[in-house]
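> Numbering (my numbering), first residue to last: 4 to 290. Just so you know, even glycine gets a beta-carbon here, dropped at the ideal spot from N, CA and C. This one's a predicted model, so the numbers in the text were calculated from it and none came from an experiment. Next up is a structure, given as structure tokens.
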Amino acid sequence: MILDLIYPLSVTALFFIVFVVFKFKISRTRRQKLKSIQKRDITNAVETDSPIEDETELMKEKGIDQLEDKFSFFNKALPIVMILLWGFIIIIPYLEDIPSVYISIIVAIISVVAGFALRPFLENLFSGIIISFFKSIRIGDTVRIDGHYGLIEEIGLTYSVLKRWDWVRIVVPNSKLLNIEIQNLTMNDHHIWANAEFYVAPDSDLEVVEKLAKKVASQSDYNSKIEDPSFWVMDLQEKSIRCWIAAWASNPGDAWELRHEMRLELAKLFQKNGIKTHTTHIDSAVS
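Listed below in structure tokens is the structure:
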């Protein structure tokens with residue numbers, strides 16, 4: 004009799020320990036995520052006068068509400084999942100008493116339901132759980148996803164919302180977020196080395212070009228002045244010379260504006276100083 008109780012008691016004790024560990028992990032992660040959202044300095048992907056008052060604060064409040072809802076779901080779902088797993092493992096020794104035909108039917112039904120009807124939902128749900136416990140993306144991060152540049156506005160259980168720079172919302176299934184490359188511009192810090200690419204004619208005085216490019220970058224209000232701007236000649240082509248000018252910005256929004264200012268002011272200075280951005284050779288056919 005006692006030997007018969009060893010297996011269920013051992014399984015029960017093991018599941019209780021696992022349950023306590025998971026509860027602790029969920030509680031600790033919730034506190035860390037909550038603290039992270041409250042302390043974050045969220046800036047828009049592109050500097051703009053928002054039509055919504057205190058938009059970043061509203062985003063924080065929305066993120067906190069979503070976080071509470073998400074971890075409330077985890078806390079409610081965990082006991083149910085643990086009990087189901089516990090029950091399944093407990094009855095394993097007694098499965099040999101059940102006719103194999105019934106077991107095959109039950110397994111087939113579960114496979115069909117889980118494999119076809121629930122597969123997309125379960126994939127996105129499990130992906131949402133994984134994203135919730137790791138730091139690859141967070142609410143308020145400035146990212147590039149599939150060519151879309153913007154701010155992570157929402158991370159739900161099955162999908163996430165990207166607020167693009169033009170305020171268009173892109174809904175991305177969480178399973179996709181785990182399978183594509185995400186360029187996170189604010190994962191560790193907000194500093195961006197913003198560069199602008201431009202072309203000048205092959206006969207241009209590169210010393211003058213470099214001087215003008217560095218002047219434009221240095222004088223921009225969006226330059227964080229961490230160090231002096233850098234200038235490179237990236238390629239020598241038959242009809243043009245490809246150049247880069249780069250300077251530091253404090254966040255992705257400032258980097259966007261810094262690139263714009265460098266391009267705009269460079270174009271003005273090139274026109275003023277007679278520097279051609281390229282040359283075009285037209286071969287005339289002689290008849």
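So, for M237: in the same chain, excluding its five sequence neighbours on each side, which residues have a beta-carbon less than 7 Å away from its beta-carbon?
R245, C246, W247.
> Less than 8 Å between the beta carbons of S130 and S178, yes or no?
Yes, they are a contact pair.
> Mark S139 as exposed unless 16 or more other C-beta atoms lie within 10 angstroms of its C-beta, in which case mark it buried.
Exposed.
> Measure from the alpha carbon of K36 to the alpha carbon of each residue in Q69, L87, E184, P205, then state which is nearest.
Out of Q69, L87, E184, P205, Q69 has the C-alpha closest to the C-alpha of K36.
> What is the rounded straight-line gap between the Cα of L61 and the Cα of I67?
Cα to Cα, the separation comes out at about 10 Å.
> May I ask you to list the residues that DSSP assigns as paired with K26?
K26 pairs with nothing; no bridge assigned.
> Give the secondary structure of N78 by DSSP, where H, G and I count as helix, E and B as strand, and everything else as coil.
N78 falls in the helix class under three-state DSSP.
> DSSP on K166, reduced to helix/strand/coil?
It is a strand residue.
> Of the choices T189, E210, G143, D72, whose alpha-carbon is the least far from that of N276?
Checking every option, the nearest Cα to that of N276 belongs to E210.
> With a cut-off of 8 Å, do at least 3 Cβ pairs link the stretch 182 to 190 to the stretch 220 to 237?
With the cut-off at 8 Å, the stretch 182 to 190 and the stretch 220 to 237 do not touch.
> Round the Cβ separation of A204 and K271 to the nearest angstrom and send it over; I've been treating them as touching at under 8 Å.
Not quite, the Cβ-Cβ distance comes to about 17 Å (not below 8 Å), so this is no contact.
> Helix, strand or coil, according to DSSP, for I148 in the structure here?
Looking at I148 - three-state DSSP - the assignment turns out to be strand.
> Please find out if some non-hydrogen atom of the ligand ADP comes closer than 7 Å to the beta-carbon of P96.
Of ligands this structure carries none, so the ligand ADP is not represented either.
> In the DSSP assignment, the beta strand (DSSP E) including F137 goes from what residue to what residue?
Here F137 belongs to no beta strand (DSSP E), and DSSP marks it neither H nor E.
> Does the separation of the CB atoms of R141 and I155 fall below 8 Å?
Cβ distance < 8 Å, so R141 and I155 count as in contact.
> Taking all protein chains shown into account, decide if D169 is buried (16 or more other Cβ within 10 angstroms of its Cβ) or exposed.
Exposed, by the Cβ-count rule.
> Cβ of L269 within 8 Å of Cβ of F201?
Closer than 8 Å, so yes.
> Among the residues of its own chain, which have a CB less than 7 Å from the CB of I285, if the five just before and after it don't count?
Note that I285 scores a pLDDT of 37, beneath 50, so its modelled location is shaky; the value from the coordinates is reported in the next line. Nothing listed; no residue qualifies.
> Can the beta-carbon of G143 be found closer than 8 Å to that of I20?
No, they are not a contact pair.
> Return the residue from the list T32, R147, H281 that minimises the CA-CA distance to D206.
Cα-wise, what sits closest to D206 is H281.
> At 4 residues or longer, what runs of the alpha helix (DSSP H) sit wholly inside the stretch 217 to 288?
255 to 275, all fully within the stretch 217 to 288.
> To the nearest angstrom, how far is the alpha carbon of V164 from that of D231?
The straight-line gap from Cα to Cα measures roughly 37 Å.
> Between the stretch 9 to 16 and the stretch 85 to 100, do three or more beta carbon pairs fall short of 8 Å?
Yes: at least three Cβ pairs fall under 8 Å.
> What number of angstroms, rounded off, separates the C-alpha of K26 from the C-alpha of D72?
In a straight line, the C-alpha of K26 is about 16 Å away from that of D72.
> On a Cα-Cα basis, can you pick out the residue from Q240, A199, V146 that is closest to N191?
Considering only alpha carbons, the answer is V146.
> What separation, rounded to the nearest whole angstrom, lies between the Cα atoms of E99 and I93?
C-alpha separation (whole angstroms): 13 Å.
> In or out: F273 buried (at least 16 other Cβ within 10 Å) or exposed?
F273 is buried by the Cβ-count criterion.
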